[in-house]
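Participant:
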Amino acid sequence: MSNTVTAGDRPGRTSRSGRGGVPSASGIALRQARRRKKLEWIAVHSVGLAIAVAFLLPFVFLFLTSVMSDSQALTSTLWPQHWVWSNYTAVFRVHGFGTWWRNTIEYAVLGTVLTVVSSVPVAYALAKFRFPGRRLAMMLVISMMMLPPQVIIIPMYLFWAKQLHLDGTLWPLIIPMAFGDAFSIFLLRQFLLTIPKEYLDAARVDGCGEVRTLLRVVLPMARPAISAVALFQFFYCWNDYFGPQIYSSDNPAAWTLSYGLQSFHGAHQTNWNLTMAATLLVMAPVIVVFFFAQKAFIEGVTLTGVKG
Amino acid sequence: MATVTFDQATRIYPGGDRPAVDKLNIDIADGEFLVLVGPSGCGKSTSLRMLAGLEDVNDGAIRIGDRDVTHLPPKDRDIAMVFQNYALYPHMTVADNMGFALKIAGVNKAEIRQRVEEAAKILDLTEYLSRKPKALSGGQRQRVAMGRAIVREPQVFLMDEPLSNLDAKLRVQTRTQIASLQRRLGTTTVYVTHDQVEAMTMGDRVAVLKDGLLQQVDSPRNMYDRPANLFVAGFIGSPAMNLVEVPITDGGVTFGNSVVPVNREALKAASDSGDKTVTVGVRPEHFEIADGEAKSVSKDAPAGVAVTVNVVEELGADGYVYGSAEVAGSQVDIVVRVGGRSVPLKGDVLHVVPRGGETHVFSTSTGERLSD
């Protein structure tokens, strides 16, 4: 940073000496503007740093607690007296933890794949075809987005549990994802609207039917939006607590990690160090995925308004 | 190779009351380069898209060769199209873009490669075959779009304003390249543009459309020399033809202090339909500066029309004088071409006479051509 400032100062200095040492009006204005920019930079970054620290502190606390001994976890000493890394292996000895991992991955992967596969064609039709009832269909999608899931949970539960007897499994959460997701449809449609019609025309002239146009031309062009939708859905499934609680709370073999975590929190005694270690393990995949995919994630959300 | 026929082809957009293309009749010969030209909204692109199968035909028929393609999907029409924004698939390399249609058609890989390489050689694209469109300049992208069309060896090329995204210099260059490529391949081509210079320089024949109606189809020369109506007269030629409304007199029409001879029958037809005036058209290059010897109808004034110079555009070889004049009691704008070495000054008065045989006379009420 300091290098840039020095290099930037140079033209100002030359112009001053060029006029016999008297700073010119434009030179002063330039310096003021530069100083203001520098102050702004400092202000923006201090605020950013403060916010980052505020968000990071709980994680630091989480991590430090996760490597404490059981007896230290509830004391006021924040720094671990002994670094108990074995907490992380101890977590896996908790009954069911491995199964919850498998369940969570199954739920997140299946849910994501089904959502993408079912939402893309709907979004494509809503974005590119003209058919009677198109506006009504779009209105339905938007109203589904506005409907809180809690509102329909009782009839949904009755349907899945009493009619299909699928309670105690994760299927009542996975199967509906094969029928499209309102938010995903909306996001994909907004993106597909920005693809110029000429590409579809070109594909048709080149000999593609509707399905081939979608698969060979539209899908590759919509990759940022599809990645964003997939990430959103993956995170949603991974973090879902409400769904597993409703449908599979009776059957620990069908728990997911986020629901299983609550079992660490016992009625009489809580092993905080183990709880924290488990929490970190549950968060790790999300953090890793987000770290690698954040570009696609942000692109997908912002691209809907930006033309390529 | 094939002929193309528009037979009363009509397109009405859903919800529209007026046809976007109204009973279009054009016969395009095998190997011909036909240019559809007109102002925006005239239906030229719609006509092309109807031929491509991208737009429904509500009435009439379209034939390619002997085949009625009116209701066939684009892929069954054996056509290739070049789009205004090129529509190159961004995720494919140049070679994949050019070979895409062949791949869809199930042509084997070796043949696709051979045809793509041949086309690339013709278009000077060989070294760019493995690039993505993003890494190409505007002119290169345009050539890839052309390449995508020619590798298919279709019966008809359709081009929808393929040059309008290029800068002026490249546009002129590419114009010639496309025209000569078409002559070389001999493929029937329908080309849409709003630029009448493109239309005149590229087409074997030009079709002028306005408000969905075909105004005239003719060779560029005939279109220029004998525009069929006022619209074509004003549209073809740059700067536009001077069109001035003048009263009918005995044996002709008065144009300032000169008489423009007009076919007697045509004049009679005009006055029979109740017209007191006709519209005379003179191209800027068909005015002569009166030198006193020209025949004047009035003894006191010099022949022709007195034009007061407002603006002079010097182009080097020649210049265009934009002036105003009083003709038949009203003020009109007149454009006159003058030699590059004898350019008048602003405020000068020029006496100009239309050159004999180079005037066009149109009915004021119907706009139809009256002179031969």
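Residue numbers (UniProt numbering), protein chains in the order written: chain E, 1 to 308; chain P, 1 to 372.
All residues carry an ideal CB built from backbone N, CA and C; glycine is no exception.
What you are looking at is a predicted structure, and each value in this text was computed from that prediction instead of being measured.
1. Going along chain P, which residues have a C-beta under 7 Å from glutamate 198 of chain E?
2. Cutting at 8 Å between CB atoms, please list the residues of its own chain near glycine 274 of chain P, excluding the five before and the five after it.
3. Cα separation between isoleucine 174 of chain E and threonine 193 of chain P?
4. Out of curiosity, what's the CA-to-CA distance linking threonine 304 of chain E and arginine 141 of chain P?
5. Can you tell me whether lysine 75 of chain P is buried or exposed? The criterion is at least 16 other CB atoms within 10 Å of its CB, across all chains shown.
6. Return the chain-ordered list of same chain residues with a C-beta closer than 7 Å to the C-beta of isoleucine 246 of chain E, the five sequence neighbours on each side being excluded.
7. Considering only residues of the segment 139 to 213 of chain P, which uninterrupted beta strand (DSSP E) runs meet the minimum length of 3 residues and lie entirely inside it, listed in chain order?
8. Report the option in E:Asp206, E:Tyr236, E:Val286 whose CA atom is closest to the CA atom of tyrosine 89 of chain P.
9. Rounded to the nearest angstrom, what separates lysine 132 of chain P and valine 94 of chain P at their Cα positions?
10. Contact criterion: CB-CB distance below 8 Å. Does leucine 48 of chain P meet it with respect to chain E?
11. Do alanine 207 of chain P and valine 35 of chain P have their C-beta atoms within less than 8 Å of each other?
12. Express the C-alpha separation of valine 217 of chain P and alanine 228 of chain P in angstroms, rounding to a whole number.
13. Using 8 Å as the threshold, is the C-beta distance between threonine 5 of chain P and aspartate 27 of chain P below it?
14. Going by alpha carbons, who is nearest to glycine 31 of chain P out of P:Gly203, P:Thr254, P:Thr359?
15. Using a beta-carbon distance below 8 Å, is alanine 296 of chain E in contact with chain P?
16. Chain P beta carbons: is any one of them nearer than 8 Å to that of arginine 204 of chain E?
17. Taking DSSP as the reference, what is the three-state secondary structure of aspartate 275 of chain P?
18. At the level of alpha carbons, what is the spacing between valine 336 of chain P and arginine 183 of chain P?
19. How many angstroms separate the CA atom of asparagine 242 of chain P from the CA atom of aspartate 250 of chain P?
20. Strictly by DSSP, which residues pair up with glutamine 216 of chain P?
21. Can you find a CB in chain P that lies within less than 8 Å of the CB of glycine 207 of chain E?
22. Which term fits leucine 193 of chain E, buried or exposed, when burial requires 16 or more other beta carbons within 10 angstroms of its beta carbon?
23. Alpha helix (DSSP H) containing residue 373 of chain P: first to last residue?
24. Whole alpha helix (DSSP H) runs in the segment 74 to 111 of chain P with 4 or more residues, listed along the chain?
25. Should the segment 69 to 86 of chain P be regarded as contacting the segment 219 to 230 of chain E, the criterion being three or more beta carbon pairs within less than 8 Å?
26. When you compare the segment 182 to 191 of chain E with the segment 115 to 126 of chain E, are there three or more beta-carbon pairs, one atom per stretch, that lie closer than 8 Å?
27. Could you tell me the distance, in whole angstroms, from the CA atom of tyrosine 13 of chain P to the CA atom of alanine 20 of chain P?
28. DSSP state of aspartate 225 of chain P, grouped into three classes?
29. Residues bridged to serine 258 of chain P by DSSP?
30. Can a CB atom of chain P be found closer than 8 Å to the CB of arginine 212 of chain E?
31. Specify, as a first and last residue, the run of the alpha helix (DSSP H) that glycine 242 of chain E falls within.
32. Between the Cα of valine 37 of chain P and those of P:Lys109, P:Asn165, P:Glu161, P:Ile122, spot the shortest distance and give me the residue it belongs to.
33. So which residues on chain E does leucine 54 of chain P lean against when the C-beta distance must stay under 8 Å?
34. Can you name, in chain order, every residue of its own chain whose Cβ lies under 6 Å from the Cβ of valine 311 of chain P, other than the five neighbours on each side?
35. What residues match up with glutamine 331 of chain P in a beta bridge as DSSP calls it?
36. Anything in chain P within Cβ reach of proline 220 of chain E, meaning under 7 Å, just list it in chain order.
Facilitator: Walking through what the data contain:
1. For glutamate 198 of chain E, the residues of chain P that pass the 7 Å Cβ criterion are Phe83, Asn85, Ala87, in the order they occur in the chain.
2. Closer than 8 Å at the Cβ level, and outside the excluded window around glycine 274 of chain P, lie Ser365.
3. Linking isoleucine 174 of chain E to threonine 193 of chain P through their CA atoms gives a straight-line distance of about 54 Å.
4. Note on threonine 304 of chain E: pLDDT 48, under 50, position unreliable in the model; no value is reported.
5. Buried: at least 16 other Cβ atoms inside 10 Å.
6. The residues are Ile153, Tyr157.
7. Runs of the beta strand (DSSP E) inside the segment 139 to 213 of chain P: 156 to 160, 188 to 193, 205 to 210.
8. The alpha carbon of tyrosine 89 of chain P has as its nearest neighbour, out of E:Asp206, E:Tyr236, E:Val286, the alpha carbon of E:Asp206.
9. Pairing lysine 132 of chain P with valine 94 of chain P, the inter-Cα distance amounts to about 6 Å.
10. By the rule that beta-carbons nearer than 8 Å mark a contact, leucine 48 of chain P does not touch chain E.
11. Yes, these two residues count as a Cβ contact at 8 Å.
12. For alanine 228 of chain P and valine 217 of chain P, the distance between alpha carbons rounds to 9 Å.
13. The answer is yes: Cβ separation under 8 Å.
14. Among P:Gly203, P:Thr254, P:Thr359, the Cα nearest to that of glycine 31 of chain P belongs to P:Gly203.
15. Not a single C-beta of chain P is nearer than 8 Å to the C-beta of alanine 296 of chain E.
16. Taking 8 Å as the threshold, the shortest C-beta distance from arginine 204 of chain E to chain P falls below it.
17. Looking at aspartate 275 of chain P - three-state DSSP - the assignment turns out to be coil, as it is neither helix nor strand.
18. Their Cα atoms are separated by approximately 36 Å.
19. Approximately 23 Å, taken between the alpha carbons.
20. BP columns for glutamine 216 of chain P point to P:Val208.
21. The beta carbon of glycine 207 of chain E sits closer than 8 Å to some beta carbon of chain P.
22. The residue is exposed, with fewer than 16 neighbouring Cβ atoms inside 10 Å.
23. Residue numbering for chain P in the displayed model covers 1 to 372; residue 373 of chain P lies beyond these limits and cannot be assessed.
24. For the segment 74 to 111 of chain P, whole alpha helix (DSSP H) runs of length 4 or above, ordered along the chain, are 94 to 104.
25. Counting Cβ pairs under 8 Å, fewer than three are found: no touch.
26. Between the segment 182 to 191 of chain E and the segment 115 to 126 of chain E, the count of Cβ pairs shorter than 8 Å is three or higher; the stretches touch.
27. Per the coordinates, the alpha-carbon of tyrosine 13 of chain P lies some 7 Å from the alpha-carbon of alanine 20 of chain P.
28. In the three-state reduction of the DSSP assignment, aspartate 225 of chain P falls in the helix class, which pools H, G and I.
29. Note: serine 258 of chain P sits in a beta bridge opposite P:Phe255.
30. Judged by the 8 Å Cβ criterion, arginine 212 of chain E is in contact with chain P.
31. A small correction: the amino acid at residue 242 of chain E is phenylalanine; glycine does not occupy that position in the sequence shown. 242 to 248 is the span of the alpha helix (DSSP H), which, as asked, contains phenylalanine 242 of chain E.
32. Nearest of P:Lys109, P:Asn165, P:Glu161, P:Ile122 to valine 37 of chain P, Cα basis: P:Glu161.
33. The answer, in chain order, is Asp201, Arg204, Val205.
34. If we look at valine 311 of chain P and ignore the five residues flanking it on each side, its Cβ neighbours are Tyr322.
35. Per DSSP, P:Glu326.
36. Against chain P, the beta carbon of proline 220 of chain E has neighbours under 7 Å at His91, listed in chain order.
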